[in-house]
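The sequence shown begins at 1072 in this note's numbering and counts up by one.
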Amino acid sequence: MNTDSRLADRSLRRDSARVISRLGCLPLSRREALRRCLFGTAGLLLADGWGLQARAATHPTKAKSVIQIWMWGGPCHLDTFDPKPGAGYDYCGPLDKPIATNVDGIMIGELLPGLAKQADQYSIIRSMTHGNNGHETASYMVQTGRASGGRDVYPSVGAVTSLFKGYDAGYVGLIPPYIVLTEPQGRFSEAGFLGSRFKPFATGGDPAAPRFMVEGVVAQGITDERQRRRRELLHQLNTLGRAMPGDASLKALYQSEDQAYEMILGDAGKLFDLSQEKDELRDRYGRNTFGQSCLMARRLVEKGVPYITINYKGWDTHKQHFQIMRRKLPEMDKGLATLLQDLKERGLLDSTIVWWSGEFGRTPKVQWEAPWNGGRGHHGKVFSAVVAGGGFKGGQVIGASDAKGDEVKNRPVYPVDLIGSMYELLGIDPSAKLPHPQGEDVRVIPAVAEAGIIGGRLKEIM
C-alpha cells in the first residue's frame, strides 16, 4: 500500500470512529464497536442476557417518549406556576399580577400568557420537595430519585429509559435513544453505574443558528458536497479494500462507514436540519436556542427517540432576578406553549411526557440587600414541576405551598414519586432490577427504606 492509500485508509477509519463515538457508542475496542455498532443493527446484534431482562421488565405503556425541559439553575415557583400575590412586594417584587388560565381556579405567572391558554393540557405540582439547596446534589436527587452520597452513583431517568426503551429493548435506527440539546448538564453523571454506553448524546451547536452544527454530524465550514468528494477520494485511494474484497473485518469497517455517512449525508442526518420546517412554525416556537430546541425535540419524538433533554440554562438568578425573568420567561412561555400545541396537533402528546422542572426553586423572599440587589437564592424546601401528556391528565394542581411559598402546605411530592409515576406510564416496571457492576440487588425505584420519605405515586393525574 502506498503512502497516500495508507493515509486515506487511516483517515477513513478515524472519521468513521469519530462519528460513531460522538453518537454515543464509546466502545471498549474497535472489534466490540463493530460487533455491537449501536446504530441501525443494534437491536438485532445486542440479543444478550440483559437485553432480554430489559424487555421482560417492560409493562404495557401509555408513553413512548419523554421531553425533559431541564431548568438548569432552578426557576422561581412564585414567578412561574405558584404565584403568591398576597405575600407582598418583598416576595413578589414587580411580578404581582398572576393571570387566569383556561382552567377555572388555576392562576400562573403574568409573563406566561401562552401557557395560560393551555393549562388544560398540563398539570402543576406545587409541592415538590427534597430540602437540598446544592446544585449538584439537588440535580442528582431530582433526576435519579435517590438521596445523594453513598457508594453508588445511580443513573438518571434518561439513562434508565435508554436501558429499557433503547437498543437492548429493540429500538432501532441511527439516532441515539437518549439525546441532550445542546450541551451536557454537568451537574452529575447521567449514566451512573450503568456506564458510558447509556450516557446521552449531547448535540452541541445551536439549533437557532443558520445551520445546526451537530457535533460529529455537521462539520464547521465543510459543505455536504465537500464531504461527498472527500469520501469518493478516500475510496479511490483505498487500494487495500480493492485487493481484499472479501475480507470480513474490512466489510464490518465499511458497514460502520456507511452508517457514519448516513448520519452526515443521509436521511438520518437531515433530522437535525430545521430549515425543513416552515418559517411560520419556527417563528411560533421562537427564533432562539430554547424555542428551536423545543422544535428539535418534537422532530426527535416523531422519529421515535425515547428520551430527549433540553438543557435550558440561565435560571440561577442570585442577582438581577426580575430583569432576567422579563427576558427569560416570555422566551420559555413561547417555546413550551408551542411545543405542547404542536405535539397535540400532531397526535403526539398522548404518547409523549413533557416534564418541566429544575433542581429546586428560588427563595420566596427577595434578597434586596447588597450584593444581591434583588435576587433569589436556592430553595429546596418547596418548588414546582409541570407534567403533560403520556398518560398524565391536564388541568390539575397537585399539592400546595404555604401562603408565602416557603414550605409545603399539603401533599408533599418527592422526586422518587414523580419519577416512579413516569416510569409506570412509560411501561417500565419500577421494581425491575438494574444491572449493577458488583451484582447487587438494585431496583429501578428504591424501596421506602432506601429512599427515605415517599409521598406516593401521582395517581391523581394518572
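The beta carbon of each residue, even a glycine, is placed where N, CA and C say it ideally should be.
Reduced DSSP secondary structure (H/G/I, E/B, other) of residue 1360: helix
Regarding residue 1164 and the ligand ATP, is the C-beta to nearest heavy atom distance less than 7 Å? The ligand ATP is absent from the structure shown, which contains no ligand whatsoever.
Taking the straight line between their C-alpha atoms, what separation do you get for residue 1259 and residue 1227? 9 Å
Check whether residue 1469 and residue 1531 have beta carbons under 8 Å apart: yes
Nearest to residue 1444 by CA position, among 1348, 1164, 1247, is which residue? 1164
Please confirm whether residue 1459 and residue 1466 have their CB atoms less than 8 Å apart. no
Let me know the secondary structure DSSP gives residue 1136 once reduced to three states. strand
Anyone know if the C-beta pair for residue 1180 and residue 1154 falls short of 8 Å? yes
Tell me the residue span of the alpha helix (DSSP H) that contains residue 1252. Segment 1249-1252 is the beta strand (DSSP E) holding residue 1252; no alpha helix (DSSP H) there.
Within 10 angstroms of its Cβ, does residue 1123 collect 16 or more other Cβ (buried), or is it exposed? Unreliable placement is indicated for residue 1123, whose pLDDT of 41 sits below 50; the coordinate value is still reported in the next sentence. Residue 1123 is exposed by the Cβ-count criterion.
What separation, rounded to the nearest whole angstrom, lies between the Cα atoms of residue 1395 and residue 1147? 12 Å
For the alpha helix (DSSP H) that contains residue 1480, what are its first and last residues? No alpha helix (DSSP H) contains residue 1480, which is instead part of the beta strand (DSSP E) from 1479-1481.
Taking the CB atoms as reference points, tell me whether residue 1200 and residue 1483 lie closer together than 8 Å. yes
Taking the alpha helix (DSSP H) that residue 1528 falls in, what are its first and last residues? Premise fails: residue 1528 is in no alpha helix (DSSP H) and is neither H nor E.
Ends of the beta strand (DSSP E) at residue 1424? 1423-1428
Pick from 1374, 1178, 1462: whose alpha carbon is nearest that of residue 1245? 1374
Do the CB positions of residue 1139 and residue 1380 come within less than 8 Å of each other? yes
With a threshold of 8 Å, are at least 3 pairs of Cβ atoms found where one atom belongs to the segment 1195-1215 and the other to the segment 1252-1271? yes
Which residues in the same chain have their Cβ closer than 7 Å to the Cβ of residue 1486, if we skip the five residues on either side of it in sequence? 1201, 1212, 1213, 1216
Excluding five sequence neighbours on each side, which residues of the same chain lie with their C-beta closer than 6 Å to the C-beta of residue 1273? 1251, 1254, 1255
With contact counted as at least three CB pairs below 8 Å, one residue from each stretch, are the segment 1168-1180 and the segment 1430-1449 in contact? no
Can you give the Cα-Cα distance for residue 1534 and residue 1430, rounded to whole angstroms? The structure shown does not extend to residue 1534, since the chain is modelled only from 1072 to 1533, so the question has no answer here.
CA-to-CA distance, residue 1426 to residue 1507, given in whole angstroms: 27 Å
Determine the extent of the beta strand (DSSP E) in which residue 1458 is found, giving its start and end residues. 1454-1459
Backbone CA spacing between residue 1097 and residue 1266 [nearest angstrom]: Below a pLDDT of 50, predicted positions are generally treated as unreliable, and residue 1097, at 39, falls in that range; the measurement from the model is reported next regardless. Rounded to whole angstroms, residue 1097 to residue 1266 spans 10 Å at the Cα level.
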